[in-house]
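Peer 1: Each residue of the sequence shown is one higher than the one before, starting from 1 at the first, in UniProt numbering.
By construction, the Cβ of each residue, glycine as well, lies at the ideal position given by its N, Cα and C atoms.
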Amino acid sequence: MQASATSQPPASKELEALQTAEQGLLSCLVWAAETVEELGKVKEADRALIEDRSGKFLKTLKEVETTLAAAIKRTQTAEFAGSDSVPKQEAPDNSPSFIPKATATYLSKPYWDERFANEDSYEWCKSFEEFGNLLLHHFAPFSSVLEIGAGNSSLSTSLTKKLPTIFACSLDLSQVVAERMRDRQAADGTHIDWQVGDMLSLPFCNDCLDVVIEKGALDVFLVDRGSPWDPAPAAAARMHTALSEIHRVLREGGKFISITFDQPHFRKPFLKAPGLNWNVQLQTFGEGLEHTYCYMPFLCRIRRSYCSVPAR
Ligand SMILES: C[S@@+](CC[C@H](N)C(=O)[O-])C[C@H]1O[C@@H](n2cnc3c(N)ncnc32)[C@H](O)[C@@H]1O
Numbered sequence: 001m002q003a004s005a006t007s008q009p010p011a012s013k014e015l016e017a018l019q020t021a022e023q024g025l026l027s028c029l030v031w032a033a034e035t036v037e038e039l040g041k042v043k044e045a046d047r048a049l050i051e052d053r054s055g056k057f058l059k060t061l062k063e064v065e066t067t068l069a070a071a072i073k074r075t076q077t078a079e080f081a082g083s084d085s086v087p088k089q090e091a092p093d094n095s096p097s098f099i100p101k102a103t104a105t106y107l108s109k110p111y112w113d114e115r116f117a118n119e120d121s122y123e124w125c126k127s128f129e130e131f132g133n134l135l136l137h138h139f140a141p142f143s144s145v146l147e148i149g150a151g152n153s154s155l156s157t158s159l160t161k162k163l164p165t166i167f168a169c170s171l172d173l174s175q176v177v178a179e180r181m182r183d184r185q186a187a188d189g190t191h192i193d194w195q196v197g198d199m200l201s202l203p204f205c206n207d208c209l210d211v212v213i214e215k216g217a218l219d220v221f222l223v224d225r226g227s228p229w230d231p232a233p234a235a236a237a238r239m240h241t242a243l244s245e246i247h248r249v250l251r252e253g254g255k256f257i258s259i260t261f262d263q264p265h266f267r268k269p270f271l272k273a274p275g276l277n278w279n280v281q282l283q284t285f286g287e288g289l290e291h292t293y294c295y296m297p298f299l300c301r302i303r304r305s306y307c308s309v310p311a312r
């Protein structure tokens, strides 16, 4: 999980260097894997040679990536356990650190409750100002819009300010953030219907919403996936359940907008899983290795045809 806000103290220089190197390698891996996919368009005679070379390239990169991931894990464990081998870096100010010792903590409700009790606002991935203009045309007037895993981000507030006719609802597992956000909105005059609920079992009926949007929320389900090339079954199952729920509540023609740091190569297989009958479009924004991806699956359900049953 990564974030763009500055309220947390930076990890040690060693950890940062490893994470930057890993991001670079992951980008190379994605590029290489996409190149391999493109091979279908290459002449038969050249294909075997390119496949052989890119296969070896990919294998080497994957090995380096595995070594780096293991080093990052060791460094993080040492750092957050307060080991002497990795000097702890002082926080630049007195803001509390919400970085958990283990990334799996992001799956825990008490972690979010405690965090939201002490944190006013935080933007995961990027803030609305950096990508909002890419999205606005996807919201028709009077659309019903649900943001899931909304946290204390200002995404829905910014959306409703730009698009005052939409009916916005925000949902989060944490009652603490729901209450704090209701108070904040009462103070700034925006109207968003705040609900406490689980992305794995959305409290909405079938085919009832025009847009579902999320930013960094589904990423939580993958924090313990292990290798992104071969995600752990439990993490993959969570992701599939959440996407199936989103698919279920969207009406025909509805849209799901998903903003994430996860590379396209790792996210698309989830979005294109059997049973999810929608088209997927991808947009990229941000610079350098800080790319953020915006997925826009559009639902194009085939209408049921009603056949008349001949009278007996
Ligand atoms: C990484 S934060 C993203 C917050 C916000 N969307 C943003 O962009 O800053 C993940 C959010 O998902 C919420 N969350 C975690 N598990 C959830 C679940 N099963 N159902 C609903 N919300 C959940 C957390 O409480 C937290 O607010």
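Note down, in chain order, each residue of its chain lying with its Cβ closer than 6 Å to the Cβ of THR105, except the 5 sequence neighbours on either side.
Peer 2: Closer than 6 Å at Cβ, skipping near neighbours: TYR111.
Peer 1: Give the secondary structure of ASP172 by DSSP, where H, G and I count as helix, E and B as strand, and everything else as coil.
Peer 2: ASP172: strand per DSSP, three-state reduction.
Peer 1: CB-CB under 6 Å to TRP278, same chain, minus the five flanking residues each way: which ones, in chain order?
Peer 2: Contacts found: PRO297, PHE298, LEU299.
Peer 1: Pull the bridge partners of GLU119 from the DSSP assignment, please.
Peer 2: Its beta-bridge partners do not exist; DSSP assigns none.
Peer 1: Going by alpha carbons, who is nearest to ASP210 out of ASP120, THR284, SER158, ILE166?
Peer 2: Considering only alpha carbons, the answer is ILE166.
Peer 1: With distances taken Cα to Cα, identify the nearest neighbour of LEU107 among ARG225, CYS169, PHE204.
Peer 2: Cα-wise, what sits closest to LEU107 is ARG225.
Peer 1: Since ARG267 is in the alpha helix (DSSP H), which residue starts that stretch and which ends it?
Peer 2: Per DSSP, ARG267 belongs to the alpha helix (DSSP H) from 264-271.
Peer 1: Measure the C-alpha to C-alpha separation of GLU129 and GLN283 and round it to an integer number of angstroms.
Peer 2: Each residue's Cα considered, the two are about 16 Å apart.
Peer 1: Going by C-alpha distance, which of ALA178, PHE256, MET239, ARG182 is nearest ASP207?
Peer 2: Here the closest residue by C-alpha is PHE256.
Peer 1: For LEU282, write down the residues that DSSP places opposite it in a beta bridge.
Peer 2: Its beta-bridge partners are TYR295.
Peer 1: Alpha carbon to alpha carbon, how far is GLY151 from SER121? Give it in angstroms, no decimals.
Peer 2: Straight-line Cα distance between these residues: approximately 8 Å.
Peer 1: So what's TRP194 in DSSP terms, helix, strand or just coil?
Peer 2: It is a strand residue.
Peer 1: Of the choices THR160, TRP194, ALA186, whose alpha-carbon is the least far from that of SER174?
Peer 2: Residue TRP194 is the option with its Cα nearest to SER174.
Peer 1: Rounded to whole angstroms, how far is the Cβ of THR260 from the Cβ of LEU202, which I believe are closer than 8 Å?
Peer 2: Actually they do not touch by this definition, with Cβ atoms about 19 Å apart.
Peer 1: Do LEU222 and LEU276 have their C-beta atoms within less than 7 Å of each other?
Peer 2: No, the Cβ-Cβ distance between LEU222 and LEU276 is not below 7 Å.
Peer 1: Does the Cβ of PHE142 have 16 or more other Cβ atoms within 10 Å, making it buried, or fewer, making it exposed?
Peer 2: The residue is exposed, with fewer than 16 neighbouring Cβ atoms inside 10 Å.
Peer 1: According to DSSP, what are the bridge partners of residue 318?
Peer 2: Any property of residue 318 remains undetermined from this structure, which presents the chain solely from 1 to 312.
Peer 1: By DSSP, does ARG251 sit in helix, in strand, or in coil?
Peer 2: Reduced to three states, the DSSP call for ARG251 is strand.
Peer 1: Where does GLY149 land, buried or exposed, given buried means 16+ other C-beta within 10 angstroms?
Peer 2: Answer is buried; the Cβ neighbour count reaches 16.
Peer 1: Rounded to whole angstroms, what's the CA-CA distance from PRO269 to MET181? Just pull it up for me.
Peer 2: Computed Cα separation, rounded: 34 Å.
Peer 1: Output yes or no for whether 7 Å exceeds the beta carbon distance between LYS215 and LEU136.
Peer 2: No, they are not a contact pair.
Peer 1: Would you check whether ligand 1 has a heavy atom nearer than 6 Å to the C-beta of GLY132?
Peer 2: Checking every heavy atom of ligand 1 against the Cβ of GLY132, none is found closer than 6 Å.
Peer 1: Cβ of PHE116 within 7 Å of Cβ of VAL177?
Peer 2: Yes.
Peer 1: Which value, in whole angstroms, describes the spacing of the CA atoms of LEU286 and GLN263?
Peer 2: According to the sequence displayed, residue 286 carries Gly and not Leu. If I take the Cα positions, the gap works out to 13 Å.
Peer 1: Would you report the Cα separation of ILE213 and LEU134, rounded to the nearest angstrom?
Peer 2: One C-alpha to the other measures close to 13 Å.
Peer 1: Determine the direct distance from the alpha carbon of TYR295 to that of GLN281, and round the result to whole angstroms.
Peer 2: C-alpha separation (whole angstroms): 6 Å.
Peer 1: Any chance the CB of GLU114 is under 6 Å from a heavy atom of ligand 1?
Peer 2: Every heavy atom of ligand 1 is 6 Å or more from the Cβ of GLU114, so no.
Peer 1: What number of angstroms, rounded off, separates the C-alpha of HIS138 from the C-alpha of ALA187?
Peer 2: Using only the alpha carbons, I get a separation of about 28 Å.
Peer 1: Please classify ILE99: does DSSP put it in a helix, a strand, or coil?
Peer 2: Three-state DSSP puts ILE99 in coil, outside helix and strand.
Peer 1: Name the residue from ALA232, ASP113, ALA140 whose alpha carbon lies nearest to the alpha carbon of PRO164.
Peer 2: Looking at the Cα atoms, ALA140 is the closest of the given residues.
Peer 1: Give the straight-line distance between the Cα atoms of THR292 and ILE246, rounded to the nearest whole angstrom.
Peer 2: Going by the C-alpha atoms only, they are around 21 Å apart.
Peer 1: Kindly examine ligand 1 and report whether one of its heavy atoms sits closer than 6 Å to the Cβ of LEU159.
Peer 2: Every heavy atom of ligand 1 is 6 Å or more from the Cβ of LEU159, so no.
Peer 1: Run through DSSP, which three-state label would PHE128 get?
Peer 2: Note: PHE128 maps to helix in three-state DSSP.
Peer 1: Mind checking GLY189: buried by the 16 CB within 10 Å criterion, or exposed?
Peer 2: With fewer than 16 other Cβ atoms within 10 Å, it is exposed.
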